[in-house]
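From first to last, the protein sequence lines are chains X and B. Using numbering that gives the first Met the number 0, read the first sequence as starting at 0 and increasing by one per residue. Using numbering that gives the first Met the number 0, read the second sequence as starting at 0 and increasing by one per residue. The beta carbon of each residue, even a glycine, is placed where N, CA and C say it ideally should be. Computed from a predicted structure; not experimentally measured.
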Amino acid sequence: MKLDLLTSLYVFMLAAFIGFEVIRRVSPLLHTPLMSLTNALDAIAVVGAIVLAAEHKTTLAAILGTIAIVAATSNIVGGFIITDRMLRMFKSSGPKKP
Amino acid sequence: MIFSENFIEITYIIATALFILSLKWLSSPTTARHGVWAGEIGMGLAIAGTLLHFGIVDLKLVFVGLVLGAIIGVPLGKVAMTAVPQRTALSHAFGALCVTLVGTAEFYLRAPNIPPFMMAVLSLEVILGSLTFTGSLMAAAKLQELRWPPQRPVTYRGQNFVNLATLALAVIVAVVLVLHPDQTRLFPALIFIPLVFGVMLIIPIGGADMPTVISLLNSYAGLSAAAMGFVLNSKLLIIAGALDGSSGFILSVIMSKAMNRSFTNVLFGGFGQIQAAAAGGQEAKPVKSATAEEAAAILSAANRVAIVPGYGMAVAQAQHKVRELYDALTKRGVDVRFGIHPVAGRMPGHMNVLLAEADIPYDKLMEMDAINGDFPQTDVALVIGANDVTNPAARTEQSSPIYGMPILDVDKARTVMVIKRGMGAGFAGIENPLYYLDSTLMLFGDAKGFVGNIVRELSGGHG
Numbered sequence: 000m001k002l003d004l005l006t007s008l009y010v011f012m013l014a015a016f017i018g019f020e021v022i023r024r025v026s027p028l029l030h031t032p033l034m035s036l037t038n039a040l041d042a043i044a045v046v047g048a049i050v051l052a053a054e055h056k057t058t059l060a061a062i063l064g065t066i067a068i069v070a071a072t073s074n075i076v077g078g079f080i081i082t083d084r085m086l087r088m089f090k091s092s093g094p095k096k097p
Numbered sequence: 000m001i002f003s004e005n006f007i008e009i010t011y012i013i014a015t016a017l018f019i020l021s022l023k024w025l026s027s028p029t030t031a032r033h034g035v036w037a038g039e040i041g042m043g044l045a046i047a048g049t050l051l052h053f054g055i056v057d058l059k060l061v062f063v064g065l066v067l068g069a070i071i072g073v074p075l076g077k078v079a080m081t082a083v084p085q086r087t088a089l090s091h092a093f094g095a096l097c098v099t100l101v102g103t104a105e106f107y108l109r110a111p112n113i114p115p116f117m118m119a120v121l122s123l124e125v126i127l128g129s130l131t132f133t134g135s136l137m138a139a140a141k142l143q144e145l146r147w148p149p150q151r152p153v154t155y156r157g158q159n160f161v162n163l164a165t166l167a168l169a170v171i172v173a174v175v176l177v178l179h180p181d182q183t184r185l186f187p188a189l190i191f192i193p194l195v196f197g198v199m200l201i202i203p204i205g206g207a208d209m210p211t212v213i214s215l216l217n218s219y220a221g222l223s224a225a226a227m228g229f230v231l232n233s234k235l236l237i238i239a240g241a242l243d244g245s246s247g248f249i250l251s252v253i254m255s256k257a258m259n260r261s262f263t264n265v266l267f268g269g270f271g272q273i274q275a276a277a278a279g280g281q282e283a284k285p286v287k288s289a290t291a292e293e294a295a296a297i298l299s300a301a302n303r304v305a306i307v308p309g310y311g312m313a314v315a316q317a318q319h320k321v322r323e324l325y326d327a328l329t330k331r332g333v334d335v336r337f338g339i340h341p342v343a344g345r346m347p348g349h350m351n352v353l354l355a356e357a358d359i360p361y362d363k364l365m366e367m368d369a370i371n372g373d374f375p376q377t378d379v380a381l382v383i384g385a386n387d388v389t390n391p392a393a394r395t396e397q398s399s400p401i402y403g404m405p406i407l408d409v410d411k412a413r414t415v416m417v418i419k420r421g422m423g424a425g426f427a428g429i430e431n432p433l434y435y436l437d438s439t440l441m442l443f444g445d446a447k448g449f450v451g452n453i454v455r456e457l458s459g460g461h462g
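In structure tokens, the structure reads:
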């Protein structure tokens with residue numbers, strides 16, 4: 000258990016560094032789609048909720064899990080739809096460069 | 000069973016890689032849509048993998064949840080582009096709700112056998128989740144301009160003390176639970192106090208500070224999800240949360256710099272309290288104004304035009320008229336570009352989306368740093384619905400409340416035109432010396448109407 004938490008800390012630290020480096024390179028042009036996309040990806044929390052609802056260990060856990068699935072899924076579906084809608088609007092003026 | 004567990008982990012690893020690629024592809028508009036596809040595939044894989052989980056008893060509730068979520072999600076994905084900020088705030092609230100509910104369920108499943116470190120992370124998850132939930136709902140309501148909460152910042156004496164004390168109380172409850180995880184009666188307080196704190200945190204914040212607030216709430220939502228990953232020992236969740244958290248963090252820093260706030264201000268949420276400027280002593284100075292006809296003549300004679308839009312342009316729904324102006328001038332061989340201040344919209348990057356929606360090519364949308372050096376060689380800078388972000392006092396007047404705020408140097412252009420309803424000051428009540436420059440022409444009127452008139456003059460006149 001203790002080792003698990005330490006490994007988790009390592010993973011968190013590395014992911015935070017990757018996040019900083021990758022996101023620093025995102026053009027300010029796309030900061031709004033960036034936020035809606037990270038929001039959709041963040042809704043991967045749905046996997047935790049799915050396990051709760053599906054394992055049905057207690058009624059409370061199943062109910063809370065189901066509501067959590069609804070909340071997260073709406074973020075996934077809505078987040079991907081709106082991000083794609085926004086990105087489709089960004090058009091270049093000149094001929095496409097390779 | 001071992002096979003299926005490994006299989007699930009493999010889907011998670013692929014999903015993680017796809018998530019990182021997804022953000023990487025977002026670095027350029029040409030590859031950005033691949034990013035969305037990568038994210039969708041990763042998400043689908045991870046969910047499919049999870050459904051194979053060994054402990055699964057009943058999938059009925061899961062499907063009910065997925066279907067209901069999709070039914071709510073589709074309309075939320077189809078809102079108008081002007082409403083994207085409040086939609087984003089709402090989705091932060093939903094994300095935080097999910098995290099808080101899962102944390103709550105995990106607590107009651109595991110108590111009282113929760114090791115101290117685990118309980119600490121679980122507390123962090125629930126505290127961050129709850130305060131982000133109500134905080135984001137408040138932010139969404141303010142952005143949607145609902146009757147309550149008020150748009151205006153609501154402040155009172157000792158506000159910071161009350162807020163900090165509330166947060167401290169939540170931390171104390173968390174510490175007690177870490178030491179005595181069997182005190183399950185205390186747990187509801189761990190949810191309730193941060194819920195109240197979230198409301199109190201957003202009450203003093205005005206509309207102009209929303210870009211910073213949304214970014215900060217984004218960061219909190221990500222961190223709470225990462226904490227949930229620690230609790231569930233899910234690397235995928237830790238990574239997704241860390242990516243979201245650092246994204247929100249970077250955006251908050253960019254926004255706070257653009258708003259001239261210090262970094263500690265952002266971390267403690269102590270923003271939104273710009274003091275109204277001591278505007279006294281300024282007698283009415285003469286300004287020069289011009290008609291649409293005169294403006295059109297000057298614009299058509301120019302080689303280089305920079306348009307500086309602010310949120311006022313979006314409020315007036317003038318972006319499509321601006322696009323017509325862009326077309327008319329480009330047709331005459333005028334080089335037209337747009338100078339976008341980081342806080343020009345209601346959330347990071349919002350103005351770019353609004354202009355892209357009006358079909359203005361993205362390579363004409365310039366960041367502040369990219370266009371500032373070009374203003375001295377610009378014939379006309381046309382300011383539409385922007386005020387404080389063009390105020391030269393930010394560079395020169397040490398006494399000005401916005402001193403030090405990065406601005407678009409429109410005053411360096413040969414001619415400055417400002418479309419404005421009247422001579423009222425900006426949100427912070429700050430005088431803008433730009434309007435009194437010799438090179439400035441004030442175009443008084445509604446943004447949409449006035450730009451429309453200029454376009455009519457341009458198409459009616461001769462080239």
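At a CB-CB cut-off below 9 Å, which residues of chain X make contact with residue i?
{"i": "B:H340", "result": "The contacting residues do not exist; B:H340 stays about 10 Å from chain X at best."}
{"i": "B:M346", "result": "H30, T31 and M34"}
{"i": "B:N112", "result": "Simply none; closest approach about 11 Å."}
{"i": "B:R109", "result": "Neighbours of B:R109 on chain X: none; closest Cβ ~10 Å, over 9 Å."}
{"i": "B:K287", "result": "Neighbours of B:K287 on chain X: none; closest Cβ ~33 Å, over 9 Å."}
{"i": "B:H349", "result": "H30 and T31"}
{"i": "B:M42", "result": "A39, L40, A42, I43, V45, I75 and F79"}
{"i": "B:I71", "result": "V69, A70, T72, S73, V76 and G77"}
{"i": "B:H52", "result": "V46, I49, V50, A53 and E54"}
{"i": "B:E366", "result": "S26, P27 and L28"}
{"i": "B:R467", "result": "Residue 467 of chain B falls outside the range modelled here, since chain B spans only 0 to 462, and no answer is possible."}
Could you check where the beta strand (DSSP E) with residue i kicks off and where it finishes?
{"i": "B:D334", "result": "D334 to I339"}
{"i": "B:L364", "result": "L364 to E366"}
{"i": "B:M441", "result": "T439 to F443"}
Counting only Cβ pairs nearer than 8 Å, list the residues of chain B close to residue i.
{"i": "X:T37", "result": "L22, N217, G221, L242, D243, S246 and G247"}
Just to confirm the assignment, what range does the alpha helix (DSSP H) spanning residue i have?
{"i": "B:P308", "result": "Careful: B:P308 lies outside any alpha helix (DSSP H), inside the beta strand (DSSP E) at R303 to P308."}
{"i": "B:K77", "result": "From DSSP, B:K77 is part of no alpha helix (DSSP H); its letter is neither H nor E."}
{"i": "B:I204", "result": "No alpha helix (DSSP H) contains B:I204, which DSSP labels as neither H nor E."}
{"i": "B:T329", "result": "Q318 to K330"}
{"i": "B:L25", "result": "Neither: B:L25 is in no alpha helix (DSSP H) and is coded neither H nor E."}
{"i": "B:H349", "result": "H349 to E356"}
{"i": "B:N471", "result": "Since the first residue shown for chain B is 0 and the last is 462, residue 471 of chain B is missing from the structure and cannot be characterised."}
{"i": "B:I46", "result": "A31 to L50"}
{"i": "B:D387", "result": "Careful: B:D387 lies outside any alpha helix (DSSP H) and carries neither H nor E."}
{"i": "X:S91", "result": "Here X:S91 belongs to no alpha helix (DSSP H), and DSSP marks it neither H nor E."}
{"i": "B:S398", "result": "No alpha helix (DSSP H) contains B:S398, which DSSP labels as neither H nor E."}
Cβ closer than 7 Å: which chain B residues qualify as neighbours of residue i?
{"i": "X:T58", "result": "Correct list: empty, because the minimum Cβ distance to chain B is about 11 Å."}
By the criterion of Cβ-Cβ separation under 8 Å, what are the contact partners of residue i in chain X?
{"i": "B:G332", "result": "Under the 8 Å cutoff, chain X gives no residues; its nearest Cβ is about 14 Å from B:G332."}
{"i": "B:H91", "result": "N38"}
{"i": "B:S233", "result": "V46 and G47"}
{"i": "B:Y434", "result": "Neighbours of B:Y434 on chain X: none; closest Cβ ~28 Å, over 8 Å."}
{"i": "B:I46", "result": "V45, V46 and I49"}
In chain X, what lies closer than 7 Å to residue i by C-beta?
{"i": "B:S26", "result": "R24, V25 and S26"}
{"i": "B:L407", "result": "Ordered by position in chain X, no residue passes the 7 Å Cβ test against B:L407, which lies about 14 Å from the chain."}
{"i": "B:K57", "result": "Per the sequence shown, the amino acid found at residue 57 of chain B is Asp instead of Lys. Neighbours of B:D57 on chain X, chain order: A53 and H55."}
{"i": "B:G372", "result": "By Cβ distance, chain X contributes nothing, its closest Cβ being about 17 Å from B:G372, past 7 Å."}
Which residue or residues does DSSP assign as beta-bridge partners of residue i?
{"i": "B:T414", "result": "B:V379"}
{"i": "B:S288", "result": "B:M441"}
{"i": "B:K419", "result": "B:F443"}
Inset, instruction - Scan the stretch 132-188 of chain B and note each continuous alpha helix (DSSP H) run of 4 residues or more that stays entirely inside, going in chain order. - result: 158-178
Inset, instruction - For the stretch 18-69 of chain X, list the beta strand (DSSP E) runs that are entirely contained and at least 3 residues long, ordered along the chain. - result: none
Inset, instruction - Decide yes or no for the touch test of the stretch 14-23 of chain X against the stretch 67-83 of chain X: beta carbon pairs closer than 8 Å, at least 3 of them. - result: no
Legend entry - Runs of alpha helix (DSSP H) wholly within the stretch 57-104 of chain B (minimum 4 residues, chain order): 59-76
Legend entry - Validate contact between the stretch 230-250 of chain B and the stretch 109-126 of chain B using beta carbons, cut 8 Å, 3 pairs: yes
Inset, instruction - Report yes or no: do the stretch 46-59 of chain B and the stretch 74-90 of chain B share at least 3 C-beta pairs separated by less than 8 Å? - result: no
Legend entry - Segment contact flag, the stretch 316-331 of chain B with the stretch 392-399 of chain B, C-beta cutoff 8 Å, min 3 pairs: no
Legend entry - the stretch 209-220 of chain B contacting the stretch 162-178 of chain B, beta-carbon criterion three pairs below 8 Å: no
Legend entry - Contact the stretch 34-46 of chain X vs the stretch 238-247 of chain B: 3+ CB pairs below 8 Å: yes
Inset, instruction - May I ask you to verify whether the stretch 38-55 of chain X touches the stretch 92-103 of chain B, counting CB pairs closer than 8 Å and requiring at least 3? - result: yes
Legend entry - Touching by the beta-carbon criterion (3+ pairs, under 8 Å), the stretch 435-448 of chain B and the stretch 289-308 of chain B: yes
Legend entry - Segment contact, 8 Å Cβ cut-off, at least three pairs: the stretch 125-132 of chain B with the stretch 176-194 of chain B: yes
Inset, instruction - Determine, using beta-carbon pairs with one atom in the stretch 51-69 of chain X and one in the stretch 322-340 of chain B, whether at least three such pairs fall under 8 Å. - result: no
Inset, instruction - Pair every Cβ in the stretch 366-386 of chain B with every Cβ in the stretch 336-343 of chain B, then say whether three or more of these pairs are closer than 8 Å. - result: yes
Inset, instruction - Could you tell me whether the stretch 371-383 of chain B touches the stretch 298-310 of chain B, using the rule of 3 or more Cβ pairs below 8 Å? - result: yes
Inset, instruction - Answer yes if the stretch 77-87 of chain X comes into contact with the stretch 3-11 of chain B, meaning at least three C-beta pairs across the two stretches below 8 Å, and no otherwise. - result: no
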